[in-house]
Every structure is written in C-alpha cells, then in structure tokens.
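Residue numbers (this note's numbering): 21 to 356. Using N, Cα and C, we set each Cβ at its ideal position, and we do this for glycine too. None of these values were measured; they are calculated from a predicted model. First the structure, in the form of structure tokens, and then the observations on it.
In structure tokens form, the structure reads like this:
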C-alpha cells in the first residue's frame, strides 16, 4: 500500500472527524493530534509518535496525527520512488513547495515568490535545485524564477498559455501533458479563471495537487482574468480527482475563507468544527495547508455552488446555473 511520512503540522479536518469509518484517539497533551485506523481491522492505540515525526499509512493500523509539527511530507507508492514535499513560506502569506525525488535527486520548487527563503531551504537540506514549476504568471508566484534559474541552472516549467508571461520559461505545458521529475510523474491540468493561463499540477503517486490560486482551502481565487464559467469548469476538473488528494495551494488564506464559509453555510456542522480547529491552529501560528479534497468537497462553498443552504443564504435563485451561483458566491466573498 501507499505509505506517507509526514512532518507537517496542519489543521486537516478529516483527521479530526469522528465518523463510522475511522477510529480516533486524541492525546490530552495535544488537542490537534489524532490517531486513526480503519475499522475494517481491529483498531489499536499506538504509542505516541516521536516528536516531529509520524507515519501515515493508507493500510490499516497506522496512526496519523491531524496537525503536523514540521514542513516535510514524504510520499512513497509501492514500487515507486518517494517524493518529499516541504513548505517554504514566502512574502507575507505565500507558500512555495519544495519537491525532492531522492532516487534521481531531482529537486523542484513550485511557485517561488522570492528566492531567498528557497535558497535557505535548499541549503538546510543540502539540495540543488533542478526545476521550477509555476502555476500562473502572477509576480507572487514567479518572483524568484530568474534569480533561482541563474544560480542553479534550473529548468523553468509553466503553462503554455502563459509562456510570454512566465519569467525564464523553458518548458511550456498544455492541458493533459505529463512531465516527470525523476520517478515522480505529474499531470498538467488547465484550470483558468484566476488567470487565463492558470494550471494545476497533479501528482497521482503522491496524491497531491498543486493548485496555485485556483483552489484554496475553503476558497478559490478571484476571477482576475477569467469568467465564472471558466472557474466553474476548472473547479469541476479538480473536484473529479481522488478524494484523498491533498491540496497544496499557494496562500495561507484559510482562516478568512473559513469565516466567510460559515457565514453563508452556518448550519454545516462539519465546517463549524473545522473552523474551530483552523482558528486554534492560526492562533498558535501554525499552518493550515495542505488540506484534503474530501474535506473541501464537504465544506468549501466554491465547490458547492448548488448547495440549497448556500443559495438560500445568498439569495441565489434555484434556476441559476452552477457558474452563475459560483459568480454570486465569489462576489459575496469579494465584499466580505
């Protein structure tokens, strides 16, 4: 089965959910930590994980904390090389993501806002950058491109539709094209709406999507260059990925997104519980990204434009299309 070693500390709601599917045990010393094992096997309490390191497996009997203490994730599918993912905070609220495929020693950074924190992360790990992946052209996702390319000779990869707006671009990918970082292959998905050339990078073996500013935890990007219909089509595309896909987005916007989500969907018990965890995490200065797509489908209003509760809250008529409803939800968020 797939096993993931995670060193992140995030407020992921699914790991906190008490449902018929999973067995949970909370450590009194850390209200954000949870162990789970599928009930199809005998659940067992495990000894608390060593500080800063926990193993999460999709096979039975392996514990997983909900909130991770460090920044790295290592995902290894059976018969495949592992992929380590490290969060690199940039600017005031951006996240770049440092990827390392150790079998080939391929190292990529997704959406480097600036070079300095990326160089620091590389030096801490003793790695040399080989690739730069950009989801779209905005400066807070490409600002580090040219300096990092000059310093390391890295290959810059970006969306074909934005090839004239991505600094230093070498490889322009189109919708449906695949690219390999060593043994880690990803699929390029066109997801316009925030910008006309926005893409999302999906790594099936790591169960990870890098969604830039298309899909946030409990939110989505503003429609700067696209239409509600384009964003609706993009979100539909991401909605169709496996529900255990982790969403690595480009910003720490979750607390504000959660406030808005609760305001338009106040009776969503799962959302209210998740918001409480998010607020507690942010009060401690902890990140809330990545999230799980499964959670987003249950609580993110931008993935639920057909929700009767949300439509009633915002006065959206039942006859409105999904795209029209999405546009109304986005307009309400912009005014919030």
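Exercise for the section: Taking residue 181 as the reference, give the member of 298, 213 and 306 with the closest Cα. Expected result: The shortest C-alpha separation from residue 181 is found at 213.
Problem - Local conformation of residue 336 per DSSP, three classes - result: Three-state DSSP puts residue 336 in coil, outside helix and strand.
Problem - Span of the beta strand (DSSP E) around residue 107 - result: From DSSP, the beta strand (DSSP E) with residue 107 extends over 103–110.
Handout entry: Distance, residue 342 Cα to residue 161 Cα
Key = Going by C-alpha positions, residue 161 is about 29 Å away from residue 342.
Exercise for the section: Indicate whether the contact test is met: 3 or more Cβ pairs, each with one atom in the region 192–211 and one in the region 219–226, closer than 8 Å. Expected result: In the pairwise beta carbon analysis, the region 192–211 is classified as touching the region 219–226: at least three pairs are separated by under 8 Å.
Handout entry: Contact the region 145–154 vs the region 235–249: 3+ CB pairs below 8 Å
Key = With a cut-off of 8 Å, the region 235–249 and the region 145–154 do not count as touching, because too few Cβ pairs lie within range.
Practice task
Could you tell me whether the Cβ atoms of residue 310 and residue 259 are closer together than 8 Å?
Solution key: No, the pair does not count as a contact, with Cβ atoms beyond the cut-off.
Exercise for the section: Could you tell me the distance, in whole angstroms, from the CA atom of residue 364 to the CA atom of residue 352? Expected result: Nothing in the structure corresponds to residue 364, since the chain is present only between 21 and 356.
Handout entry: Buried or exposed (CB count within 10 angstroms, at least 16 for buried), residue 227
Key = Its Cβ being crowded by 16 or more others within 10 Å, residue 227 is buried.
Exercise for the section: Starting from residue 274, follow the alpha helix (DSSP H) in both directions and report where the run begins and ends. Expected result: Residues 274–284.
Handout entry: CB-CB length for residue 273 against residue 131, believed under 8 Å
Key = Between residue 273 and residue 131, the beta carbon gap of about 14 Å keeps them out of contact (Cβ cut-off 8 Å).
Practice task
Under 8 Å by Cβ, that's how I've got residue 193 and residue 168 pegged, so tell me the actual separation to the nearest angstrom.
Solution key: Contact doesn't hold; Cβ gap of about 19 Å is too wide.
Practice task
Could you tell me the distance, in whole angstroms, from the CA atom of residue 283 to the CA atom of residue 245?
Solution key: Going by the C-alpha atoms only, they are around 27 Å apart.
Exercise for the section: Return the chain-ordered list of same chain residues with a C-beta closer than 6 Å to the C-beta of residue 333, the five sequence neighbours on each side being excluded. Expected result: The answer, listed in chain order, is 284.
Exercise for the section: Helix, strand or coil for residue 309, going by three-state DSSP, please let me know. Expected result: In the structure shown, residue 309 sits in coil (DSSP, three-state: anything other than H, G, I, E or B).
Exercise for the section: Can you have a look at residue 7 and say buried or exposed, based on whether 16 or more other CB atoms are within 10 angstroms of its CB? Expected result: Nothing can be reported for residue 7: it is not among the residues displayed for the chain, which extend from 21 to 356.
Practice task
Going by CA-CA distance only, name the one from 116, 241 and 296 that's closest to residue 216.
Solution key: Nearest to residue 216 by C-alpha distance, out of 116, 241 and 296, is 241.
Practice task
Go through its chain and collect everything with a Cβ distance to residue 292's Cβ below 7 Å, but skip five positions before and after it.
Solution key: Taken in chain order, the residues that qualify are 282.
Handout entry: DSSP state of residue 178 mapped onto helix, strand, coil
Key = Correct three-state label for residue 178: strand.
Handout entry: Beta carbon of residue 176 nearer than 8 Å to that of residue 190
Key = Yes, the Cβ-Cβ distance between residue 176 and residue 190 is below 8 Å.
Exercise for the section: Provide the residue span of the alpha helix (DSSP H) that contains residue 231, from first to last. Expected result: Here residue 231 belongs to no alpha helix (DSSP H); instead the beta strand (DSSP E) covers 228–232.
Practice task
Could you spell out the range, first to last residue, of the beta strand (DSSP E) harbouring residue 268?
Solution key: 266–269 is the span of the beta strand (DSSP E), which, as asked, contains residue 268.
Exercise for the section: Express the C-alpha separation of residue 174 and residue 336 in angstroms, rounding to a whole number. Expected result: In a straight line, the C-alpha of residue 336 is about 48 Å away from that of residue 174.
Handout entry: In DSSP terms, what residue 324 is bridged to
Key = In the DSSP output, where bridge partners are listed per residue, residue 324 has none listed.
Problem - Spatial distance of residue 157 from residue 230 (CA atoms) - result: Cα-Cα distance, rounded: 15 Å.
Practice task
Could you please give me the residues that DSSP links to residue 130 through a beta bridge?
Solution key: Residue 130 pairs with 117 and 153.
Problem - Run of the beta strand (DSSP E) containing residue 299, from where it starts to where it stops - result: Taken as a continuous stretch (DSSP letters only), residue 299 belongs to no beta strand (DSSP E), being part of the alpha helix (DSSP H) at 289–303.
Practice task
State the Cα-Cα distance for the pair residue 356 and residue 280, rounded to the nearest angstrom.
Solution key: Straight through space, the alpha carbons of residue 280 and residue 356 are spaced by roughly 7 Å.
Practice task
Per DSSP, which residues does residue 235 bridge with? Please list them.
Solution key: Residue 235 pairs with 240.
Problem - Cβ-based neighbour list, residue 319, same chain, cut-off 8 Å, excluding 5 preceding and 5 following - result: Closer than 8 Å at Cβ, skipping near neighbours: 33, 238, 281, 285, 288, 290, 291 and 294.
Exercise for the section: Closer than 8 Å by C-beta to residue 124: which residues in its own chain qualify, once you throw out the five before and the five after it? Chain order, please. Expected result: Around residue 124: 101, 201, 202 and 203.
Handout entry: Reduced DSSP category for residue 57 - H, G, I as helix; E, B as strand; rest coil
Key = Its pLDDT being 26, under 50, residue 57 is placed unreliably by the model, and nothing is read from it.
Handout entry: Delimiting residues of the alpha helix (DSSP H) encompassing residue 346
Key = That run of the alpha helix (DSSP H) goes 342–355.
Handout entry: residue 208, DSSP secondary structure in three states
Key = In the structure shown, residue 208 sits in a strand (DSSP, three-state: E or B).
Problem - DSSP beta-bridge partners of residue 194 - result: According to DSSP, which records beta bridges pairwise, residue 194 is partnered with nothing at all.
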